[in-house]
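Structure first, then comments.
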Amino acid sequence: MRLLFQLWHRWIDRELDRPVALPDRDGMEAGEWNAFVGALGERLAAKHLWRTGRKVLYRNYKPEGGGEVDVTYREGGTLVFGEVKTRTKGEFGGPARAVDRDKEKLVIRGANAWLRELGNPELLFRFDIIEVLLHEGEAPKVRVVENAFTTPQRGLGM
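Residue 62 in the numbering used here sits at position 62 of the sequence shown, and the numbers go up by one each step.
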C-alpha cells in the first residue's frame with residue numbers, strides 16, 4: 001500500500017510540475033475549449049490542494065435545488081468551499097476578479113445545501129478562490145485566495 005501511495009504522489013507531482021501543452025484552439029469550438037481548460041484547471045487545483053496538505057472531499061457539487069461548488073475540502077478544522085478559476089492568459093489576480101456577486105451566490109447556495117446534508121453542524125467554514133494559470137510551455141501556476149468572499153450579514157441563507 002505504501003508503494004502505491006508513493007507512485008500516486010509522484011504522478012500528481014509530475015502533472016503540476018511539467019509544462020502545459022494546450023491543444024490547438026482553432027480545432028475546437030469555443031465551448032469545447034472553455035470546457036477543456038476549466039476541467040484541466042479543476043483537476044490541477046484539486047491536485048495542488050492535496051499536495052499542500054488539504055483534504056479534497058468532493059469536486060463539482062451541484063445540488064438539486066441549484067448552486068454549485070467546484071471543490072469542497074478540509075484544511076485543518078475548517079471546511080472550505082472553493083471556486084476554481086482558470087485562465088490561459090494574464091497574471092494572478094485576474095482569474096479571481098471573474099468571480100462576481102452572482103457567482104458568489106451560486107457557491108453560497110451550494111455550500112448551504114452541503115451544510116443541510118450534513119445536518120447543519122456547528123463548524124468553521126470559508127470560501128476560497130483557487131486561481132490556475134496555464135501558459136503554454138510553462139508549469140501550471142496555482143494560488144489559493146483564502147476567505148475570498150463571505151456570506152451576507154444576515155447569514156448563509158439566500
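Quick reminder that beta carbons are idealized off the backbone N, C-alpha and C, glycines included.
query	result
Distance CB(V132)-CB(P121) smaller than 8 angstroms	no
Cutoff 6 angstroms; reference I130; Cβ partners in own chain excluding five residues on either side	A45, G82, V84, V144
Beta-carbon gap between V20 and E136 smaller than 8 angstroms	yes
Buried or exposed by the 16-neighbour rule on C-beta atoms within 10 Å, applied to P95	buried
DSSP three-state assignment for L118, whether helix, strand or coil	coil
Residues bridged to L133 (per DSSP)	R87, K141
Residues that V206 bridges to, as DSSP identifies them	The requested residue 206 does not occur in the structure, where the chain is confined to residues 1 to 158.
Integer Cβ distance of T86 from L134, believed to fall under 8 angstroms	6 angstroms
Element boundaries [alpha helix (DSSP H), containing E32]	30–51
Residues near F125 by beta carbon distance below 6 angstroms, same chain, minus five either side	L79
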